[in-house]
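Residue numbers (our numbering): 621 to 748.
Glycine included, each C-beta is placed from N, C-alpha and C at the ideal position.
No experiment lies behind these values; they were computed from the predicted model shown.
These notes are about the structure you will find just below.
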């Protein structure tokens with residue numbers, strides 16, 4: 621069913637100029653922002669995002685990261701499942717890395733990037 625998103629929400633996510641567009645006519649990166657706007661209508665305290673940067677170009681990822689930072693600054697908690705490690709490391713305060721469903725590392729991004737188990741899991745390099 622159609623969902624009407626208030627103009628202030630469209631403005632907040634950077635879609636005000638596309639208010640009259642059909643959702644399916646929006647470029648892929650803007651569709652991702654629209655999905656977030658729809659989720660924000662629930663007024664939840666936690667936003668769960670699964671692979672939001674998948675398929676986005678570099679500039680689109682930067683705009684998405686800016687939006688997520690703004691949401692976090694407004695007090696929204698964000699739980700992000702994402703394989704784009706550069707995206708995650710430049711955005712997250714805390715990272716949990718899983719391999720085959722098992723947590724292999726957790727902590728601040730700078731520490732995670734240096735963890736030998738993470739390097740081995742993501743680069744396939746045996747560091748032992």
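Other residues of its chain near residue i: CB distance less than 7 Å, five sequence neighbours each side excluded
{"i": "residue 691", "result": "667 and 698"}
{"i": "residue 633", "result": "653, 656, 657 and 687"}
{"i": "residue 673", "result": "681, 684, 702, 704 and 707"}
Residue i - DSSP class collapsed to helix/strand/coil
{"i": "residue 713", "result": "coil"}
{"i": "residue 640", "result": "coil"}
{"i": "residue 649", "result": "helix"}
Reference residue i; option with closest CA among the options
{"i": "residue 723", "options": "711, 729, 737 and 647", "result": "737"}
{"i": "residue 648", "options": "678, 717 and 743", "result": "678"}
{"i": "residue 719", "options": "709, 711, 740 and 700", "result": "740"}
{"i": "residue 661", "options": "626, 651, 644 and 693", "result": "626"}
{"i": "residue 663", "options": "744, 695, 717 and 743", "result": "695"}
{"i": "residue 675", "options": "651, 624 and 644", "result": "651"}
Other residues of its chain near residue i: CB distance less than 8 Å, five sequence neighbours each side excluded
{"i": "residue 728", "result": "713, 714 and 715"}
Proximal residues to residue i (C-beta, below 6 Å), its chain only, five neighbours per side dropped
{"i": "residue 639", "result": "630"}
Residue i CB to nearest heavy atom of the ligand MN below 7 Å
{"i": "residue 641", "result": "Ligands in the displayed structure: none, and consequently the ligand MN is not present."}
*Residue ranges of each alpha helix (DSSP H) run of no fewer than 4 residues wholly in the stretch 676–714, ordered along the chain?*
678–693 and 705–709
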